[in-house]
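Worksheet: one structure, shown below.
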Amino acid sequence: GAVVSQHPSWVICKSGTSVKIECRSLDFQATTMFWYRQFPKQSLMLMATSNEGSKATYEQGVEKDKFLINHASLTLSTLTVTSAHPEDSSFYICSATIWEGEPEQYFGPGTRLTVT
Amino acid sequence: DAKTTQPTSMDCAEGRAANLPCNHSTISGNEYVYWYRQIHSQGPQYIIHGLKNNETNEMASLIITEDRKSSTLILPHATLRDTAVYYCIHTYSGGYQKVTFGTGTKLQVIP
């Protein structure tokens, strides 16, 4: 199946700093990628829809100025957590849709963010 | 939001079939049923999807009721590596497939 990668797989940063997470579709082009956040023992929560060449669409309650999303190419979307705080510590997962007759959504391995 | 209802947890003996039910009574006519699973601390993995007919692939089988209000994912011979949280969702095949995850079923395969 299609492969989606994320980098880094885990990151520790100090409170107040910013951290960038990359999501890449390795063997296909993705005009749309999604970003999710998952807290321990909870389900995935959709944060935003990332569209190549345009602004991201954020879900209700997600601060767009805090979670900056850039989708500059058909294979790369980035999520930047600005001025991170300990409550931003979470598992961040991206996904991309591939069209093979019918759409299938493939997920990245996730990035574990810990803010100290 | 597309809502589904799944049991919180299930156990299955290794080597036996695991049958995971899902209710999706609000599904629309052009929405597909998708199943994903998430092994601890990994990204979700696509398993199977279907519209009306039953589907089978190398991982699992999907049985969809005639009224499409519920479905069952079948893992024919569960192994310890199948221990995971299984998510059932329904979403449009068109557009960009915005996905809303429910709480899923924690499947524990027992030796």
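Residue numbers (my numbering), protein chains in the order written: chain A, 1343 to 1458; chain B, 724 to 834. In this text, a Cβ means the ideal position worked out from N, Cα and C, and glycines have one as well.
I need the straight-line Cα distance from residue i to residue j, nearest angstrom please.
| i | j | result |
| --- | --- | --- |
| THR823 of chain B | ASN1393 of chain A | 18 Å |
| SER1357 of chain A | THR1424 of chain A | 10 Å |
| LEU830 of chain B | LEU796 of chain B | 12 Å |
| VAL1353 of chain A | ASN776 of chain B | 44 Å |
| VAL1361 of chain A | THR788 of chain B | 46 Å |
| HIS800 of chain B | SER1415 of chain A | 42 Å |
| ILE786 of chain B | TRP758 of chain B | 11 Å |
| GLY825 of chain B | ALA736 of chain B | 25 Å |
| PHE1449 of chain A | SER1437 of chain A | 4 Å |
| GLY817 of chain B | ASP734 of chain B | Because GLY817 of chain B sits at a pLDDT of 47, beneath the cut-off of 50, its placement in the model cannot be relied upon, and the point is left open. |
| GLN761 of chain B | VAL1404 of chain A | 24 Å |
| PRO1428 of chain A | GLY1395 of chain A | 31 Å |
| GLN1447 of chain A | THR1458 of chain A | 33 Å |
| GLY738 of chain B | LEU1388 of chain A | 35 Å |
DSSP three-state call for residue i: helix, strand or coil?
| i | result |
| --- | --- |
| GLY818 of chain B | In this predicted model, GLY818 of chain B has a pLDDT of only 47, less than 50, meaning its place in the structure is not dependable; the value taken from the coordinates is given anyway. The answer is coil: DSSP assigns GLY818 of chain B none of H, G, I, E or B. |
| ARG760 of chain B | strand |
| TYR791 of chain B | The question names Tyr, but residue 791 of chain B in the sequence shown is Arg. ARG791 of chain B falls in the coil class under three-state DSSP. |
| PRO1428 of chain A | helix |
| ARG739 of chain B | coil |
| LEU798 of chain B | strand |
| LEU803 of chain B | helix |
| MET782 of chain B | coil |
| ILE750 of chain B | coil |
| GLN1357 of chain A | Per the sequence shown, residue 1357 of chain A should be read as Ser rather than Gln. In this structure, SER1357 of chain A counts as coil in the three-state DSSP scheme. |
| GLN729 of chain B | coil |
Pop quiz: residue i and residue j are said to be a contact at Cβ under 8 Å. What is the actual Cβ separation, rounded to whole angstroms?
| i | j | result |
| --- | --- | --- |
| THR1391 of chain A | PHE1376 of chain A | 6 Å |
| ARG1379 of chain A | LEU1418 of chain A | Not a contact, Cβ separation roughly 19 Å. |
| GLU778 of chain B | ILE770 of chain B | With a Cβ gap of about 10 Å, GLU778 of chain B and ILE770 of chain B do not count as contacting. |
| SER793 of chain B | PRO730 of chain B | Contact flag wrong, Cβ pair sits at about 12 Å. |
| ALA1372 of chain A | THR1422 of chain A | So it is not a contact: roughly 19 Å between Cβ atoms. |
| LYS1408 of chain A | TYR1400 of chain A | The Cβ separation is near 10 Å, so there is no contact. |
| THR828 of chain B | SER732 of chain B | 7 Å |
When the distance is taken between beta carbons, is residue j closer than 8 Å to residue i?
| i | j | result |
| --- | --- | --- |
| PHE1370 of chain A | SER1432 of chain A | no |
| PRO767 of chain B | TYR810 of chain B | yes |
| PRO1350 of chain A | THR1453 of chain A | yes |
| TYR1434 of chain A | LEU1455 of chain A | yes |
| SER1347 of chain A | LEU1368 of chain A | yes |
| LEU803 of chain B | VAL832 of chain B | yes |
| ASN742 of chain B | THR727 of chain B | no |
| LEU798 of chain B | ASP805 of chain B | yes |
What does residue i touch in chain C if you count any residue whose Cβ is under 8 Å from its own?
| i | result |
| --- | --- |
| ILE1363 of chain A | No chain C appears in the structure shown, which is made up of the protein chains A and B. |
May I ask you to check if the CB of residue i is nearer than 7 Å to at least one heavy atom of the ligand SAH?
| i | result |
| --- | --- |
| ILE1411 of chain A | This structure does not include the ligand SAH; it has no bound ligands of any sort. |
Complete beta strand (DSSP E) runs within the region 1360 to 1446 of chain A (minimum length 3 residues, chain order): Fully enclosed beta strand (DSSP E) runs of 3 or longer: 1361 to 1367, 1374 to 1380, 1387 to 1393, 1409 to 1415, 1418 to 1423 and 1432 to 1442.
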